[in-house]
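Colleague: Residue numbers (my numbering): 794 to 1443.
Rendered as structure tokens:
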């Protein structure tokens, strides 16, 4: 291997082209997000009248509903009280209801024994804890409120408590006990159907409100919601989505995306709505949607949800509440401790509901409590829905059924314009211009010369590439655009696949579209989440799905190849390896009819198949939100016809 003199060569892998690209895509998306934040802030700052606020509220609710994919139809709840625990001044009813058919929600109803009903009520939603509703930092809230004359419906979220959805043969959780693993496993599948796993969390709680309204001991005009962390998320959502909620007290969740973005970044799937930032939304919009009804933010100075964001969001929302003449309806409590529903925030919650649901003031002091064990609070026979009900649905099974319905619906739609649908789903600009090209170095392998190239398809993006050029042969040669989702260098070694192709009188251009190879994010995790996951979620929040940006890079590379004097522009094909590369290669072939063929090392898996998998590997790099509403990969290969083939059928 001989390097050309006088041309800079970097010190890492000799087949690397650039350096310092690991944070490139993150920086690019951060710049996109910054523009979206600034645009939104200008819109919020322009709100001056109650009428303008009302229009904003309508926009928020409509947009949020679209982002989560809407809600299922209401069906019978079939509530069952499966047992009761008696205490001196309250009792606990063990409840199971169906938010959708066979999707069982486990709950505990804390009913006051003192005072006269109907009582104000609170929906209690649990944060990430293995015990769910029975967690010993959440249960004190339910008990303390019941002792104060507030009926509480405490429910288990999917993937926690009695609702684990991934159990091993012994009935033990397979993906950890805190819920995060389960939420992300099913959550990325939900994105493919144009929904969000959050719709199931929110719907469970909304149907919980439906249940409360059937009880004669509940005051239908005084229903609140409270929760911490993941429960803070759910309580914030329920307040925004359900007009029947009269007061809310989310804890340790609300911040701002501008402060959350750089660290710790996107969290579980239910906290990432597709196009959320692109649509001009931020945390304060949940508060604005609820205005002028009373909602209190409980925060922790040392929380990983940045306190600076919480303070900024409170200030922004407070001005909007003021426009509605309800500035005092937005509460804010801050305590100098860490993330969690600690006693200071719990007591702030008691004070808030005492005032807004009961019309009284109190100090909120929490007395010493005796709690029930998670086993005693079980509403199911076995302690798990999946082993108690043979017909139990899961989020994965419900989403798979939806994916099947979408396939059926697509089958009856005539004359679908696949390029137009795909371009929209991938969010790819319509115009494709030649990228800026820099030749950074050359090396020789006998009759093959390798050019090290940097392409820039747009500002802020560098695409490293290796061009394998035969020294002899036709003046204009067949060209292959080579894609490997593990990186361009994998097959670029001496005697490797690309060299063999070049020896067959073929120009081979291997590229690392953004997010692969040299620009892949660091392997290390950030705040417990893979960097690859967080990068994909950032792309989804900003409305720039990674596969779309990568397809844009491939199309740019095609334009460059077609411009080379040693390439027959009528004979350029794509060769793809790896699931992400195969999908991107197919997308490029559909969008660019001048690509002569798309060759893959295997047939692509359908997105429908992925949705039907009980468990899957890391598919975040494949996710295009809502793509199954319009198309699936087998439909695209059929559209390509003879232009698509696998290696085994060449």
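Note that the Cβ used here is the ideal one computed from N, Cα and C, for glycine as well.
1. Helix, strand or coil, according to DSSP, for residue 1062 in the structure here?
2. According to DSSP, is residue 813 helix, strand or coil?
3. Work out the CA separation of residue 1109 and residue 830 for me, nearest whole Å.
4. Answer with buried or exposed for residue 1092, where buried requires no fewer than 16 other C-beta atoms within 10 angstroms of its C-beta.
5. Measuring only the C-alpha atoms, how far is residue 1158 from residue 930?
6. Using C-beta distances below 6 angstroms, list every residue in its chain close to residue 1427, excluding the 5 sequence neighbours before and after it, in chain order.
7. According to DSSP, is residue 881 helix, strand or coil?
8. Which two residues bound the contiguous alpha helix (DSSP H) that contains residue 1078?
9. For residue 1307, which of 946, 1125, 1294 and 1348 has the nearest alpha-carbon?
10. Residue ranges of each beta strand (DSSP E) run of no fewer than 3 residues wholly in the segment 1089-1151, ordered along the chain?
11. Could you give the distance in angstroms between the alpha-carbon of residue 1049 and the alpha-carbon of residue 1346?
12. Whole angstroms are fine: how far does the CA of residue 855 sit from the CA of residue 1192?
13. Quick check on the burial criterion: 16 or more other C-beta atoms within 10 angstroms. Buried or exposed for residue 806?
14. Where does the unbroken alpha helix (DSSP H) through residue 912 begin, and where does it stop?
15. Roughly how many angstroms lie between the CA atoms of residue 1423 and residue 912, to the nearest whole one?
16. Going by C-alpha distance, which of 1015, 824 and 884 is nearest residue 916?
17. What would DSSP say about residue 856, mapped onto helix, strand or coil?
18. Per DSSP, what are the beta-bridge partners of residue 1437 in this structure?
19. If you check the beta carbons only, do residue 1024 and residue 918 fall under 8 angstroms apart?
20. DSSP puts residue 1043 in a beta bridge; with which residues?
21. Check residue 1408 in the structure and name its three-state DSSP category.
22. Check each candidate in 1246, 1417, 846 and 1190 and name the one with the smallest Cα separation from residue 1066.
23. When you compare each of 1055, 977 and 1083 to residue 1029 by their alpha carbons, which one comes out closest?
24. I'd like to know if the segment 884-893 and the segment 856-870 are in contact, where contact means that at least 3 CB-CB pairs between them fall below 8 angstroms.
25. Can you tell which of 1273, 1433 and 1431 has the C-alpha that lies nearest to the C-alpha of residue 1261?
26. On the DSSP letters alone, give me the boundaries of the alpha helix (DSSP H) that residue 994 sits inside.
27. So, does the segment 1213-1220 touch the segment 1333-1345, judging by three or more C-beta pairs under 8 angstroms?
28. What is the DSSP secondary structure of residue 819, counted as helix, strand or coil?
29. Within a Cβ cutoff of 8 angstroms, which residues of the same chain sit near residue 939, ignoring the five residues on either side of it in sequence?
30. Jot down the residue ranges of each uninterrupted beta strand (DSSP E) in the segment 927-997, minimum 3 residues, whole runs only, in chain order.
31. Using a Cβ-Cβ cutoff of less than 6 angstroms, which residues in the same chain neighbour residue 1179 once the five nearest sequence positions on both sides are dropped?
32. Among residues of its own chain, excluding the 5 on either side of residue 921, which ones have a beta-carbon nearer than 8 angstroms to its beta-carbon?
33. Skipping 5 residues on each side, what residues in its chain have a beta carbon closer than 7 angstroms to that of residue 928?
34. Is it true that the CB of residue 1046 sits closer than 8 angstroms to the CB of residue 1098?
35. Is the distance from the Cβ of residue 987 to the Cβ of residue 876 below 8 angstroms?
36. Can you tell me whether residue 1033 is buried or exposed? The criterion is at least 16 other CB atoms within 10 Å of its CB, across all chains shown.
Modeller: Put simply:
1. Translated into positions along the chain shown, residue 1062 becomes position 269. Helix.
2. Here the question's residue 813 lines up with position 20 in the chain shown. DSSP places residue 813 in coil when its eight states are reduced to three.
3. Numbered from its first residue, the chain shown carries residue 830 at position 37. Numbered from its first residue, the chain shown carries residue 1109 at position 316. So the two alpha carbons sit approximately 13 angstroms from each other.
4. As a working mapping, residue 1092 is identified with position 299 in the chain shown. Classification for residue 1092: buried.
5. Your numbering for residue 1158 matches position 365 in the chain shown. Your numbering for residue 930 matches position 137 in the chain shown. Between residue 1158 and residue 930, the C-alpha separation is close to 15 angstroms.
6. If you number the chain shown from 1, residue 1427 lands on position 634. Closer than 6 angstroms at Cβ, skipping near neighbours: 1399.
7. Within the chain shown, numbered from 1, the residue matching residue 881 stands at position 88. Coil, per DSSP.
8. Taking the first residue of the chain shown as position 1, residue 1078 is located at position 285. Element bounds for residue 1078: 1076-1083.
9. The residue given as residue 1307 occupies position 514 in the chain shown. Comparing Cα positions, the closest option is 1348.
10. 1123-1128
11. Taking the first residue of the chain shown as 1, we reach residue 1049 at position 256. Taking the first residue of the chain shown as 1, we reach residue 1346 at position 553. Roughly 31 angstroms separates the two Cα atoms.
12. On the chain shown, position 399 is the one that residue 1192 refers to. On the chain shown, position 62 is the one that residue 855 refers to. Going by the C-alpha atoms only, they are around 22 angstroms apart.
13. Taking the first residue of the chain shown as 1, we reach residue 806 at position 13. Exposed, because fewer than 16 other Cβ atoms sit within 10 Å of the Cβ of residue 806.
14. Looking up residue 912 in the chain shown gives position 119. No alpha helix (DSSP H) contains residue 912, which is instead part of the beta strand (DSSP E) from 912-918.
15. Counted from its first residue, the chain shown places residue 1423 at position 630. Counted from its first residue, the chain shown places residue 912 at position 119. In a straight line, the C-alpha of residue 1423 is about 48 angstroms away from that of residue 912.
16. Start at 1 with the first residue of the chain shown, and residue 916 comes out as number 123. Comparing Cα-Cα distances from residue 916 to each of 1015, 824 and 884, the minimum goes to 1015.
17. In the chain shown, the residue the question calls residue 856 occupies position 63. Helix.
18. Taking the chain shown and counting its residues from 1, one reaches residue 1437 at position 644. Answer by DSSP bridge pairing, in chain order: 1391.
19. Against the chain shown, residue 1024 aligns to sequence position 231. Against the chain shown, residue 918 aligns to sequence position 125. Yes, they are a contact pair.
20. Against the chain shown, residue 1043 aligns to sequence position 250. Residue 1043 is bridged to 1020.
21. Indexing the chain shown from 1 puts residue 1408 at position 615. Looking at residue 1408 - three-state DSSP - the assignment turns out to be coil, as it is neither helix nor strand.
22. Taking the first residue of the chain shown as 1, we reach residue 1066 at position 273. Looking at the Cα atoms, 1417 is the closest of the given residues.
23. Taking the first residue of the chain shown as 1, we reach residue 1029 at position 236. Comparing Cα positions, the closest option is 1083.
24. Touching, yes, given that three or more Cβ pairs across the two stretches are closer than 8 angstroms.
25. Taking the chain shown and counting its residues from 1, one reaches residue 1261 at position 468. Minimum Cα distance to residue 1261 is reached at 1273.
26. Against the chain shown, residue 994 aligns to sequence position 201. Note, residue 994: alpha helix (DSSP H), 991-1005.
27. yes
28. Locating residue 819 in the chain shown gives position 26, where the first residue counts as 1. Residue 819 falls in the helix class under three-state DSSP.
29. In the chain shown, residue 939 corresponds to position 146, counting from 1. Cβ neighbours of residue 939 beyond the five flanking positions: 882, 883, 903, 904, 905 and 945.
30. Whole beta strand (DSSP E) segments, 3+ residues: 944-948.
31. Reading the chain shown from its first residue, position 386 is the one you call residue 1179. Only 960 and 1185 meet the Cβ criterion.
32. Position 128 of the chain shown, counted from the first residue, corresponds to residue 921. Excluding sequence neighbours, residue 921 sits near 953, 971, 972, 973, 1022, 1023 and 1061.
33. Along the chain shown, read from residue 1 onward, the residue named residue 928 stands at position 135. Around residue 928: 919 and 922.
34. Taking the chain shown and counting its residues from 1, the one referred to as residue 1098 is at position 305. Taking the chain shown and counting its residues from 1, the one referred to as residue 1046 is at position 253. Contact: yes.
35. Counting from one through the chain shown, the residue named residue 987 turns up at place 194. Counting from one through the chain shown, the residue named residue 876 turns up at place 83. No, these two residues do not count as a Cβ contact at 8 angstroms.
36. Here the question's residue 1033 lines up with position 240 in the chain shown. By the 10 Å Cβ count, residue 1033 comes out buried.
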